[in-house]
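Everything in the sequence shown is counted per our numbering, starting at 104 for the first residue and increasing by one.
Where a beta carbon is used, it is the ideal one built from N, C-alpha and C, also for glycine.
See structure below.
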Amino acid sequence: MAKKKSEEQEAQAENAAEETSIVEDVVETVAAAAGTVAEVVTSGAAAIADAIAGGTGDESKKKFGKRAEKIGVVASDKMTKTVVVRVDRLIKHPIYRKYVRKRKKFMAHDEMGAKIGDKVRIVETRPTSARKRWRVVEIIHKAEL
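Written out as structure tokens, the structure is:
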């Protein structure tokens, strides 16, 4: 009987040693993970503080989206520094699958002096009047008289 008890005690001691080694491994893993989380949080907080403070010149520049551009033909130039640009586009009819020509007129601010028939490029801009939200950027092709 004494042998059995001593064997059982040895087995229990071995099991306890294995459990403590497993627990130690888990504690080390958790500590390492907590260290990485702390580093990430600190670096994130530093980045936020830099952003609030203004950071470097490159980081503080705001990036804007690209403005809409259209190419069309000047339909009217009777107003001062304003032209009406006719923009044609082709769309495929959803049912008949035939290409249909659509037209739309845009009023555009014109500092370049475009004339009727000129092919121009217009760019979206802030409203300059009740109906003007575009401006002429380039005269692509002058009209032949």
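Where residue i sits in the DSSP three-state scheme
i           : result
residue 100 : No answer is possible for residue 100: the residues shown for the chain start at 104 and end at 248.
residue 172 : strand
residue 221 : coil
residue 135 : helix
residue 194 : strand
residue 179 : strand
Candidates the options: closest to residue i by CA position
i           : options       : result
residue 174 : 134, 118, 209 : 209
residue 244 : 129, 218, 180 : 218
Contact set for residue i: own chain, Cβ-Cβ below 7 Å, skip 5 residues either direction
i           : result
residue 213 : 184, 185, 186, 239
residue 189 : 175, 176, 178, 206, 208
residue 246 : 218, 219, 220, 221
Own chain partners of residue i with C-beta closer than 6 Å, once the 5 adjacent residues on each side are dropped
i           : result
residue 230 : 236
Extent of the continuous beta strand (DSSP E) to which residue i belongs
i           : result
residue 211 : 202-212
Any C-beta of chain D under 8 Å from that of residue i
i           : result
residue 123 : Absent from the structure: chain D. Only one protein chain is present.
Buried/exposed call for residue i, threshold 16 Cβ in 10 Å
i           : result
residue 114 : exposed
Own chain, CB closer than 8 Å to residue i, minus 5 neighbours either side, in chain order
i           : result
residue 133 : none
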